[in-house]
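Engineer: Per full-length UniProt numbering, the sequence shown runs over residues 1 to 605. All C-beta atoms, glycine included, are put in the ideal place defined by N, C-alpha and C. As the structure is a computational prediction, the values presented were derived from the model and not from experiment.
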Amino acid sequence: MFLVQYTGLNQLPFDPANNNEPLQFGSASGPLVPEGLIENGGESSKKRKRTNAPSEFDPALGMMTGIPPITPMMPGLGIVPPPIPPDMPVVKEIIHCKSCTLFPPNPNLPPPATRERPPGCKTVFVGGLPENGTEQIIVEVFEQCGEIIAIRKSKKNFCHIRFAEEYMVDKALYLSGYRIRLGSSTDKKDTGRLHVDFAQARDDLYEWECKQRMLAREERHRRRMEEERMRPPSPPPVVHYSDHECSIVAEKLKDDSKFSEAVQTLLTWIERGEVNRRSANHFYSMIQSANSHVRRLVNEKAAHEKEMEEAKEKFKQALSGILIQFEQIVAVYHSASKQKAWDHFTKAQRKNISVWCKQAEEIRNIHNDELMGIRREEEMEMSDDEIEETTETKETEESALVSQAEALKEENDSLRWQLDAYRNEVELLKQEQGKAHREDDPNKEQQLKLLQQALQGMQQHLLKVQEEYKKKEAELDRIKDDKLQVEKLLENLHEKQENCTSRLCASSQESDHPLEKAIIGNPVKSEREALLVGIISTFLHVHPFGASIEYICSYLNRLDNKICTSDVESLMSRLQHTFRQEMTGVGASLEKRWKFCGFEGLKLT
1 MFLVQYTGLN QLPFDPANNN EPLQFGSASG PLVPEGLIEN GGESSKKRKR TNAPSEFDPA
61 LGMMTGIPPI TPMMPGLGIV PPPIPPDMPV VKEIIHCKSC TLFPPNPNLP PPATRERPPG
121 CKTVFVGGLP ENGTEQIIVE VFEQCGEIIA IRKSKKNFCH IRFAEEYMVD KALYLSGYRI
181 RLGSSTDKKD TGRLHVDFAQ ARDDLYEWEC KQRMLAREER HRRRMEEERM RPPSPPPVVH
241 YSDHECSIVA EKLKDDSKFS EAVQTLLTWI ERGEVNRRSA NHFYSMIQSA NSHVRRLVNE
301 KAAHEKEMEE AKEKFKQALS GILIQFEQIV AVYHSASKQK AWDHFTKAQR KNISVWCKQA
361 EEIRNIHNDE LMGIRREEEM EMSDDEIEET TETKETEESA LVSQAEALKE ENDSLRWQLD
421 AYRNEVELLK QEQGKAHRED DPNKEQQLKL LQQALQGMQQ HLLKVQEEYK KKEAELDRIK
481 DDKLQVEKLL ENLHEKQENC TSRLCASSQE SDHPLEKAII GNPVKSEREA LLVGIISTFL
541 HVHPFGASIE YICSYLNRLD NKICTSDVES LMSRLQHTFR QEMTGVGASL EKRWKFCGFE
601 GLKLT
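And the structure:
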């Protein structure tokens, strides 16, 4: 049995009768000195005894009085403790077994060396056994460390011991360095020095790998369960198309509350390829129902925008009211700071009034800046809207022409590819005909004729498309040139307008009567009318087939709501060399259209 005794001045931090943990070696008062060494150490060992032992210390027991001595038979105490850190002082005792005795190594020697611990190690190597040592003696010594599963003893005084758990290996390493003696014999064959070290066994490695794989599986399962728990629920599957389901979806499309769900089902059916000749009409009616919601959505958007504008207006009004009240409070502070009332206040009251006045002025300035920022944003939005309205018409017409040109180009490319494919087919048929030597076969001749006819038709169609493409390109270039000319015309009109204004100013300084005559003789009476002439000329130039007076006035009303139709018509009728009125249409569709004839009138004048 192992016998380990310790001395110290501090009380034990656990109850030996109820403790199930292995024994921990440690003392905060200094190195642990065994009683056996004190008794057998002679004069040299007597110097190591403590001189400052308390009165309650009982040297016969080697313990504090009132605490029972620790014996290996106490429940919950491990016979051999786990490995001890090197900085903790521990003194090993003599261990008496049934058939042998273990003597501790010299405490001044360094601890025995060990190899690196393999993963999952449960097997130890024990060397230095006595020659007469048997397996029964080995079991007697090492069974105190834990349950032994297997012992493999060699004839050369060493063996391998496999324990049930990994922590038992640490207990077995505690016996490394002990000298063993069988019975009371002093024969060399009955003595030896134990060397215990880690051993690498395939069974231990296999069990450790199995354990690691099990832990990895548990971790993956735990992560998978966590991901499944955090994953949002998947949407319900969309049913396949049928007449009954089609009628249900058509009814849902008419309902505003179920519109989103029905549109998703319709989209899934179309992407699956459920559309065919039999169901095409049903799908068209459902698409038409979906299109009917566009106006509702636009109205909803307009309503929300209106609510937002009203909220902005309310906020602006409330902010202006708050500013007015701040101005009144600041006025109160300023009136109180005047000498008439200021002399009657105490020093503390004056200080408070000045502080309150500064705070109110700072808050008022912050709110004032915020209100001015809102007004500046509104002005910027209004200017952006005016610029966008003037450029929208030009961009739409140019984009339409560009899209037509791109569509013709794509059609031209597709026809060219089809033509190349037909040519390849004709060449393949000719090669097959030459190999088979069947010139009298009527079927192949008919196929060749049909392919040749199709090829000729494709070539003709391709030529037509190319001609149309060239015409569209020429038309696009002409429109771009016209646009540049109109821009130049506008610049000239602006220059003329500036010259006219400068001349009028110069003549007004000389005399007033000639100015009145010039105004009466000139069809353009003011700068505003000159601007209208330039804008109307630009508008009619991009409409080569002319436009009605109502269409022209609707465009001008976007720029200025004060423009009257009669004023515009009288101005255009005065400028006969710039604008010309024509009648277009037949019967009920007969209408008057104004056209721009400035380039022709320039030659006539």
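Helix, strand or coil for Tyr576 per DSSP?
Structural biologist: For the record, residue 576 in the displayed sequence is Gln; it is not Tyr. Gln576 falls in the coil class under three-state DSSP.
Engineer: State the DSSP-derived secondary structure class of Phe545, mapped to helix, strand or coil.
Structural biologist: Reduced to three states, the DSSP call for Phe545 is coil.
Engineer: CB-CB under 8 Å to Glu591, same chain, minus the five flanking residues each way: which ones, in chain order?
Structural biologist: Contacts found: Ser548, Met583, Thr584, Gly585.
Engineer: When we look at the beta-carbon of Phe596 and count the other beta-carbons within 10 Å, is it buried (16 or more) or exposed?
Structural biologist: It is buried - the Cβ of Phe596 has at least 16 other Cβ atoms within 10 Å.
Engineer: Taking 8 Å as the cut-off, decide whether the C-beta atoms of Tyr178 and Phe103 are in contact.
Structural biologist: Yes; because the gap between Cβ atoms is below 8 Å, this pair is in contact.
Engineer: How long is the line joining the alpha carbons of Ile287 and Ala262, rounded to whole angstroms?
Structural biologist: Distance between the alpha carbons of Ile287 and Ala262 is about 11 Å.
Engineer: Which runs of the beta strand (DSSP E) fall wholly inside the region 191-216 and span at least 3 residues, in chain order?
Structural biologist: Whole beta strand (DSSP E) segments, 3+ residues: 191-193, 195-198.
Engineer: Need the endpoints of the alpha helix (DSSP H) that Ala302 sits in, please.
Structural biologist: Note, Ala302: alpha helix (DSSP H), 293-336.
Engineer: Which same chain residues end up closer than 6 Å to residue 613 when comparing Cβ atoms and leaving out the 5 residues on each side of it in sequence?
Structural biologist: With the chain represented from 1 up to 605, any question about residue 613 goes unanswered, as that position is not in the structure.
Engineer: Quick one: what's got a C-beta closer than 7 Å to Ile363's C-beta in the same chain, skipping five residues either side?
Structural biologist: Contacts found: Phe326.
Engineer: Under 8 Å: do the region 163-179 and the region 110-128 share three or more Cβ pairs, one atom per stretch?
Structural biologist: Touching, yes.
Engineer: When you compare only the Cα positions, how much space is there between His334 and Arg503?
Structural biologist: Taking the straight line from one Cα to the other gives about 56 Å.
Engineer: Thinking C-beta only, is Val249 closer than 8 Å to Thr265?
Structural biologist: Cβ distance < 8 Å, so Thr265 and Val249 count as in contact.
Engineer: Taking the beta strand (DSSP E) that Gly127 belongs to, which residues open and close that run?
Structural biologist: Where Gly127 is concerned, the enclosing beta strand (DSSP E) stretches over 123-127.
Engineer: State the Cα-Cα distance for the pair Lys470 and Lys301, rounded to the nearest angstrom.
Structural biologist: Lys470 and Lys301: Cα-Cα distance of roughly 43 Å.
Engineer: Gly601 to Ala400, Cα distance in whole Å?
Structural biologist: Looking at the two C-alpha atoms, the distance is approximately 31 Å.
Engineer: Give me whichever residues DSSP pairs with Cys246 in a beta bridge.
Structural biologist: DSSP output for Cys246 lists no bridge partner at all.
Engineer: For Trp594, is the classification buried or exposed, using 16 other Cβ atoms within 10 angstroms of its Cβ as the cut-off for buried?
Structural biologist: Answer is buried; the Cβ neighbour count reaches 16.
Engineer: With distances taken from CA atoms, which of Pro232, Leu540, Thr501, His543 is nearest Ser526?
Structural biologist: Nearest C-alpha to Ser526: Thr501.
Engineer: Which value, in whole angstroms, describes the spacing of the CA atoms of Arg296 and Leu253?
Structural biologist: Computed Cα separation, rounded: 13 Å.
Engineer: What are the boundary residues of the alpha helix (DSSP H) that Ile138 is part of?
Structural biologist: Its alpha helix (DSSP H) spans residues 135-142.
Engineer: Cutting at 6 Å between CB atoms, please list the residues of its own chain near Glu166, excluding the five before and the five after it.
Structural biologist: Contacts found: Lys122.
Engineer: Tell me the DSSP secondary structure of Ala164 in three-state form.
Structural biologist: Note: Ala164 maps to coil in three-state DSSP.
Engineer: Quick check: what's the CA-CA separation for Cys357 versus Leu319?
Structural biologist: Cα to Cα, Cys357 sits roughly 20 Å from Leu319.
Engineer: Go to Ala150, then tell me how far its beta strand (DSSP E) extends in each direction, as first and last residue.
Structural biologist: Run containing Ala150: 148-153, per the beta strand (DSSP E) assignment.
Engineer: Which residues in the same chain as Tyr555 place their Cβ atom closer than 7 Å to its Cβ, once the five residues preceding and following it in sequence are excluded?
Structural biologist: Closer than 7 Å at Cβ, skipping near neighbours: Phe539.
Engineer: By a C-beta neighbour count over all protein chains shown, 10 Å radius and 16 as the cutoff for buried, is Val402 buried or exposed?
Structural biologist: When all chains shown are included, Val402 counts as exposed.
Engineer: Smallest Cα separation from Tyr206: which of Leu571, Gly120, Asp187?
Structural biologist: The shortest Cα separation from Tyr206 among Leu571, Gly120, Asp187 belongs to Gly120.
Engineer: Can you list, in chain order, the residues of its chain with a C-beta nearer than 7 Å to that of Trp269? Leave out the 5 residues immediately preceding and following it.
Structural biologist: The answer, listed in chain order, is Tyr241.
Engineer: Leu182 lies in the beta strand (DSSP E); which residues open and close that run?
Structural biologist: Counting along the chain, the beta strand (DSSP E) containing Leu182 begins and ends at 179-182.
Engineer: Look at the alpha carbon of Cys100 and the alpha carbon of Ala164, and state the distance between them as a whole number of angstroms.
Structural biologist: Spanning the two alpha carbons is a distance of roughly 24 Å.
Engineer: Please classify Met168 as buried or exposed, where buried requires at least 16 neighbouring CB atoms within 10 angstroms.
Structural biologist: Met168 is buried by the Cβ-count criterion.
Engineer: Check whether the region 131-140 touches the region 212-224, counting contact only when three or more Cβ pairs, one atom from each stretch, lie closer than 8 Å.
Structural biologist: No: fewer than three Cβ pairs fall under 8 Å.
Engineer: Using 8 Å for Cβ pairs, my map puts Ser537 next to Leu604. What's the rounded Cβ distance?
Structural biologist: Wrong, their Cβ atoms sit about 16 Å apart, outside the cutoff.
Engineer: State buried or exposed for Ala201, treating a residue as buried only when at least 16 other CB atoms are found within 10 Å of its CB.
Structural biologist: With 16 or more other Cβ atoms within 10 Å, it is buried.
Engineer: Can you list, in chain order, the residues of its chain whose CB lies under 6 Å from that of Gly128, leaving out five sequence neighbours each side?
Structural biologist: Answer for Gly128: Gly192, Arg193, Leu194, His195, listed in chain order.
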